[in-house]
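Each remark here refers to the structure printed beneath this line.
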Amino acid sequence: MTMFDSADEVDVKNIQPSENDSYPDKNDSHSDILRAAGIGIHEDDPTEAVLTLRMWILGIGFCIVASGLNTLYTLRNPSITISSSVVLLVAYPVGKLWEKVVPSWHVSLGSLGSFNLNPGPFNQKVSITQPIRWDVYVRLGADVLTEQQMFYGYSAGWGFQILITMATFVTGFCLAGFLRPLVVTPRELIWPGVLSSTALATTLHGLGQRDVSRIHGAWRISRYVFFNTVFLIAFCCPRNKIVNQLFGMKSGMGLLPLTFDCEASFAYTTISNATNLITRESDLSSSVYDNTGAVYNVSRVVGQTTGFELDTPAYEAYSAIYLPITYGLNMFGLSFATLSSLIVWICLEKRHVMSTAVHRILHCIKNYPRMIKRRSAPGKTTASDVPFRWYAIACVLALFLSIFSVEFWEVELRWYGVLLAWAVAFAFFGPLALVYATSNLKINIDIFCRIIAGFVFEGKVLANIWFFDLGYITTIKGLYSAQDMKLAHYCNIPPQKVFLVQCVGMVAGTLSSVSVLNWALGGISGVCTSEAPNGFSCPYSRTHFNTSLIWGAVGPQRFFNNHIGYRALLYFFILGAVLPIPVHVLKRKYPSSLWSRVHVPLFLGGLNYLPPATGMNYGSWALVGLTFGYVVKKYVHVWWYKFNFVLSAALDSSVSVAGVVIFFAVFYSGASSGFSWWGTEIYKQTCDWKGCPYLSVPDGQTFDK
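This is how it looks when you write it as C-alpha cells:
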C-alpha cells in the first residue's frame, strides 16, 4: 500500500470480492439504511482515486486547523466544536478550486512511485477523508492536560504532552480496529451520528439524487439549495439571540445540539433515545465546597508542596468535601447506576450480539493465514479489510508510549496502573459502542475509572488523572475512530486507506492540539479563572479537577466513610442492576408497547452530563427531539425523509462557521471591548450568574458543628 494512488492504476476486471469487504453496493444491506434515512446513494466506482496529493495536502491542512480550533474552544465557555460537517463544507469549494486551477501534471518519484498534481474530479471519497482524518480528536485530551497544568500547577513539558496524547489516540484507534467486527460490520449498528455527514457529502457532490427526487409532496427545492438557505440564515444573523438560541447549540445558546461531542444531536436521533434523556431542571454547580459553604481551597490539602499527594493532617484540620445535590446525584449516583445497568442490559438484551461478534472475531483470527494466502495469489486484487497485525503493531506502540510517558515523567501512575486502565478500556468498549452506535449517546464510565484509581493509588491526584485518561478517554476516542470507520463504510472507502488516513490524522492532530494548548495556556491572560477574557474559564477542566480531587486526593474510602452520608450513593449500584430486569420482562410481554422503546442505561446515562450541562440544555434537546424525531417524522414524513439530515448538517455548519468568525473578528481582535451596555452586563447582576445560595452558613459556624 502506497501513499498515493490513481485511477489509471486500477484494473477493475481483476478486482475480486473478499469475505471481509466493506463496500456497500446497490445490493448491500447497508444501502437500504441510507435510502430509508432519505440519503441518496450511488454506484461505487472502484477506479476513483482516494490517496492523492490533493487529498493529503487539504486533509492535513484541515486537520491542523480543526484540531487547533477545537483545542482552543475547549477552554472557552460557551464552547464551539468544529464538527465534521464544517470540514466537509469548507473542504468542498477548496477541492473544487484545486480541480479547476491546478494543472494535471504527472510527477515521477522513481522507485517510490508517482502521482498527479490534479488527479481529476474532487469526488465524494476524497471529500469524506477530510473529517475522517481529524475526527479522532476529542476534547477530553486537552481537558486533562489543562487540569494538570493550570489547576494542580504541574507542567510536564511538550514531550510528555505529545507522547501521552499520541498514546491515548492510538489506544482508542486499536480498540476500534480490534473490535471492528463487533461495532462496525453489523448491519443493525447504524451509527446515526454519521448520517448527517453522509447526507451532506452526497448533497454537495450531487450524488444519488434520483433516490429522493421522486418523492411527491415534499417542497419543490433541491437538498443542495435547502442546505445553503438554512446555512445562510444562521450565519448571517450571528448576533441575533433568537436565531442562535434556536439554531446555535454549538455556542451554548441554541435548541439544536448537532454535534459529535457529548451534546447528542436529536435532529438525527430517534425519539425513543431523546425521551430517555429528558430530565427535570435543577439548580446545579460543578464546584465543590468546604464546611463553611465556600468553594473548597484545594491548595490547603494538595499541591506541589505535598508532592501532589493528600496532606492528611491538613485535610482533617480543614474540612471534608461537600457536593451540590445535582453534582452528587448525577455525576456520582447515576454514574454508578448507569454502570451496573449497562452490564445487566448487555446480558439480557445484547448477549446474542456479543456472542456473534466474539465468534466472528475468533473466526477472523483462525482463518487469517488462509486469507493472507488467498489475497497474495496471482491475479487476485482484493478490496480487503485491514490485516490484524497492523492493529497489533499499533497496540504495542501505544502500550510502549503509555508506560514510557508515565514512568519517565513520574506522574504517579505506574506501569501496572497502565495495564489496569487498558483492561478497563477493553472490557467496556464493546458495550459502550453498542449504545453509541444505536443511540448516538456516549455512556460515561469516568467515575468508575476514578474510583478504581482512587483505591489503587489513594491520595495521588496525578495517578488518578492519567488512569482516567488511559481507561476512559481512550474508549471515547475509540468510539470516534469506529464511527469514522462506519462513515467510510457507507461511502465505499477501502478500509486499508482509512487506516492510513487515520494514522496520519493522529500525528497531525496531536501536534496541532498540543501546540495550540501551550500557546493558549501561556498567552491568554487569566486563562482558567473567572476573570478570563472571552470566557476562557476552562469549565470542563474545572469539573475534572474537582472530580480528581474527590476520588484521587481524598479517595473513595475517606469519601464514603465520613459523617456526611455519601455512602448512600453506593445503593445506586443496586438500583441500576435491578431496573433493567422488570423493563426487559415488560418488553417481552408487551413487544408492541412503549416499553419496547425504554433504554435503561441511556435513561440513566443521559443525566451524567449534569453538570456542566444545565436544565436549559436538556429542555432544548427534548424539544428538538420531540419535534423532529416524532412530530415531523410522523406527520410530515416526506419532508423529514428528504431534508432532515441535510438540515442538521446545515445548522451545525452555520453555527460553527459563524462562531469562529465572530470570535476572531469581534472578541479576539478586541472590538468587543466597545460593546458594553446595559443589555450585555445586566445578567451578571443576577443570582443565577453569581450562584447565590438559598441559605448561607452563619459566620463562625460550619456544616459539621
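Residues 173 to 877, numbered by the numbering used here, are exactly what the sequence shown covers, in order.
Backbone N, C-alpha and C fix where the C-beta goes; we use that ideal spot for every residue, glycine too.
Here the structure is a predicted model, which is why all the values come from computation and not from measurement.
Which residues bound the beta strand (DSSP E) around residue i?
| i | result |
| --- | --- |
| V279 | 278-280 |
| S287 | Per the sequence shown, residue 287 should be read as Phe rather than Ser. 286-288 is the span of the beta strand (DSSP E), which, as asked, contains F287. |
Can you give the beta carbon distance from residue i to residue j, rounded, assuming they're within the 8 Å contact cut?
| i | j | result |
| --- | --- | --- |
| Q320 | L634 | 7 Å |
| V298 | T224 | 7 Å |
| S368 | S653 | The pair is not a contact, with the Cβ atoms about 18 Å apart (cut-off 8 Å). |
| G631 | E481 | 5 Å |
| G650 | F345 | 7 Å |
| V355 | G681 | Incorrect: roughly 21 Å between the Cβ atoms, too far for contact. |
| L241 | V832 | 7 Å |
| S685 | T243 | 4 Å |
| I619 | M503 | 7 Å |
| G626 | V596 | The pair is not a contact, with the Cβ atoms about 13 Å apart (cut-off 8 Å). |
| L289 | V266 | No, L289 and V266 are not in contact; Cβ-Cβ is about 15 Å, not under 8 Å. |
| A609 | I362 | 7 Å |
Go to residue i, then tell me how far its alpha helix (DSSP H) extends in each direction, as first and last residue.
| i | result |
| --- | --- |
| N733 | 727-733 |
| R586 | Here R586 belongs to no alpha helix (DSSP H), and DSSP marks it neither H nor E. |
| M678 | 667-695 |
| N816 | 809-834 |
| Y264 | 256-273 |
| A660 | 646-662 |
| K759 | 752-761 |
| L241 | 225-245 |
| L344 | It should be pointed out that residue 344 corresponds to Gly in this sequence rather than to Leu. First-last of the alpha helix (DSSP H) with G344: 330-350. |
| V772 | 772-777 |
| Y712 | 711-720 |
| E521 | 506-521 |
| S369 | 367-376 |
Per DSSP, residue i is paired with what?
| i | result |
| --- | --- |
| V467 | Y461 |
| Y494 | Y461 |
| K632 | E481 |
Is the Cβ-Cβ distance between residue i and residue j less than 9 Å?
| i | j | result |
| --- | --- | --- |
| F745 | F600 | no |
| S286 | L659 | no |
| I624 | G313 | no |
| Y662 | V258 | no |
| Q668 | V558 | yes |
| L140 | L501 | Here the chain has residues from 173 to 877 only, and residue 140 is not among them. |
| F234 | V262 | yes |
| H756 | W587 | no |
| N706 | F847 | no |
| N616 | G777 | yes |
| T374 | Q302 | no |
| A874 | S459 | The sequence shown places Thr at residue 874, rather than the Ala named in the question. Contact: no. |
| L335 | L506 | no |
| Y487 | Y461 | no |
| N612 | S720 | no |
| T318 | L376 | no |
| W330 | N690 | yes |
| I575 | A749 | no |
| Y324 | V474 | yes |
| L606 | K614 | no |
| W594 | T343 | yes |
| V583 | A328 | yes |
Can you tell me whether residue i is buried or exposed? The criterion is at least 16 other CB atoms within 10 Å of its CB, across all chains shown.
| i | result |
| --- | --- |
| Y807 | exposed |
| L428 | Because the pLDDT of L428 is 43, which lies under 50, any placement of that residue in the model is unreliable, and the number read from its coordinates should be weighed accordingly. Buried, because 16 or more other Cβ atoms sit within 10 Å of the Cβ of L428. |
| N469 | exposed |
| T447 | Confidence in T447 is poor, its pLDDT being 35 and thus under 50, which makes the residue's placement unreliable; the coordinate value appears in the next sentence. Buried is the call here. |
| A725 | buried |
| C710 | buried |
| R226 | buried |
| I497 | exposed |
| F580 | exposed |
| D871 | exposed |
| R890 | The requested residue 890 does not occur in the structure, where the chain is confined to residues 173 to 877. |
| F815 | buried |
| A822 | buried |
| T528 | exposed |
| Y563 | buried |
| V316 | buried |
| Y762 | exposed |
| E220 | buried |
Indicate, with yes or no, if the ligand NAD has a heavy atom lying under 8 Å from the CB of residue i.
| i | result |
| --- | --- |
| Y738 | Looking at this structure, you won't find the ligand NAD or any other ligand, since it has none at all. |
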